[in-house]
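According to the numbering used here, the sequence shown is numbered sequentially starting from 561. Have a look at the structure below before the remarks.
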Amino acid sequence: MKQIKASVAKFDALSVRERVLILVTVVVAILLPVFIYLIEPTQKKQIVLTTQVAKLKAANANKALDIQTLSMAKTTDPNEAIRTQLKLREQQLAALNETLKKRSGRLVSASEMLTQLEQVLSDYRGLRLVAVDKAEPQRFMIDSDSKDQEQGADMVSIETGLYRHDMKLVVEGGFFDVLSYLQALEQLPQGFFWDSIDYQVEEYPKAQVSLKVHTLSTEQGWLGV
Numbered sequence: 561m562k563q564i565k566a567s568v569a570k571f572d573a574l575s576v577r578e579r580v581l582i583l584v585t586v587v588v589a590i591l592l593p594v595f596i597y598l599i600e601p602t603q604k605k606q607i608v609l610t611t612q613v614a615k616l617k618a619a620n621a622n623k624a625l626d627i628q629t630l631s632m633a634k635t636t637d638p639n640e641a642i643r644t645q646l647k648l649r650e651q652q653l654a655a656l657n658e659t660l661k662k663r664s665g666r667l668v669s670a671s672e673m674l675t676q677l678e679q680v681l682s683d684y685r686g687l688r689l690v691a692v693d694k695a696e697p698q699r700f701m702i703d704s705d706s707k708d709q710e711q712g713a714d715m716v717s718i719e720t721g722l723y724r725h726d727m728k729l730v731v732e733g734g735f736f737d738v739l740s741y742l743q744a745l746e747q748l749p750q751g752f753f754w755d756s757i758d759y760q761v762e763e764y765p766k767a768q769v770s771l772k773v774h775t776l777s778t779e780q781g782w783l784g785v
C-alpha cells in the first residue's frame with residue numbers, strides 16, 4: 561500500500577507534460593498487443609488473397625494466349641504452302657509446254673518422219689533401205705529441281721504434253737552415197753534429233769548404216785506410219 565501511495569505521490573509531483581507521456585505510453589503498451597492480435601490475421605489473409613488473385617490473372621492470361629493460338633491455327637491453312645508450290649509448278653509447266661510446242665514446230669511430225677527419210681533416200685540410187693524399226697511412243701518428261709530450304713533439292717519429272725517418237729533406219733550402200741544422204745537430211749527444213757550412227761562395212765565398198773533418230777510431237781501415236 562505504501563508503495564502505491566509513493567508511486568502516486570511521485571506521479572503527482574510530475575509536470576503535466578510528463579504525466580501525458582506516461583499515460584500515452586501505458587495506453588500504447590496495453591492496446592498494441594490487442595491491435596496486433598486483431599490486425600495480423602487480416603493482413604495475412606490479404607496477402608493470401610493477393611497471391612491468389614495474381615495466380616488467377618496469370619492463368620487467365622495463359623488461357624487467353626492459348627485461345628489466340630488456336631484461333632490463329634484455325635485461320636492458317638496448313639496446305640497453303642503446298643497449294644502455292646503446285647500453282648507455281650503449273651505456271652512453270654504451262655510456260656515450258658508453250659516453249660516446247662513452238663520449238664517442236666520446227667521438227668518433222670511423227671506421221672511424216674518416215675516419209676521424209678524415204679523421199680530423200682529415193683534421190684540416191686546407190687542406197688537401199690534395209691529395215692525400219694519404230695519404237696513405241698513415250699511421254700516426253702523433263703527433270704526439274706524441286707528446291708526446299710530445309711530438305712535440299714530433289715529431282716522430279718514433269719510432263720510436257722509431248723511424245724517422243726524413236727525410229728531406227730538401216731540403209732545399205734557405198735560410203736559416199738551414205739555421206740551425201742546424211743548431209744541431205746541435215747539440210748531439211750523440218751528436222752529431227754540424231755541419236756546415233758553405226759557404220760559397218762559388210763563387203764567393200766558397200767556398207768550398212770544404222771541411223772537412230774527421234775522427233776517430238778503432240779501426236780500420241782505414229783498415225784498410220
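For each residue, glycine too, the CB sits at the ideal point set by N, CA and C. If you're wondering where the values come from, they're calculated on a predicted model, not measured in any experiment.
query = What is the DSSP secondary structure of residue 684, reduced to helix, strand or coil?
reply = coil
ask   = In or out: residue 733 buried (at least 16 other Cβ within 10 Å) or exposed?
value = buried
ask   = On the premise that residue 671 lies in contact with residue 779, defined as a C-beta separation below 8 Å, what is that separation, rounded to the nearest angstrom?
value = 6 Å
ask   = Is residue 681 closer than 8 Å to residue 741 when the C-beta atoms are compared?
value = yes
task = With residue 695 as the anchor, note down where its alpha helix (DSSP H) starts and where it stops.
result = Neither: residue 695 is in no alpha helix (DSSP H) and is coded neither H nor E.
Contact under 8 Å by Cβ, residue 700 with residue 723 = yes
key: As assigned by DSSP and simplified to three states, the class of residue 740   = helix
ask   = Hey, would you say residue 738 sits closer than 8 Å to residue 691, going by beta carbons?
value = no
key: Cutoff 6 Å; reference residue 761; Cβ partners in own chain excluding five residues on either side   = When the five nearest sequence neighbours on each side are left out, the beta carbons in the same chain lying within less than 6 Å of the beta carbon of residue 761 are those of 767, in order along the chain.
Residue 778, DSSP secondary structure in three states = Secondary structure of residue 778 (DSSP, three-state): coil.
ask   = Going by beta carbon distance, what residues of the same chain come within less than 7 Å of residue 750, once the five residues before and after it are set aside?
value = 666, 667, 668
ask   = In three-state terms, what does DSSP make of residue 735?
value = The answer is helix: DSSP assigns residue 735 an H, G or I state.
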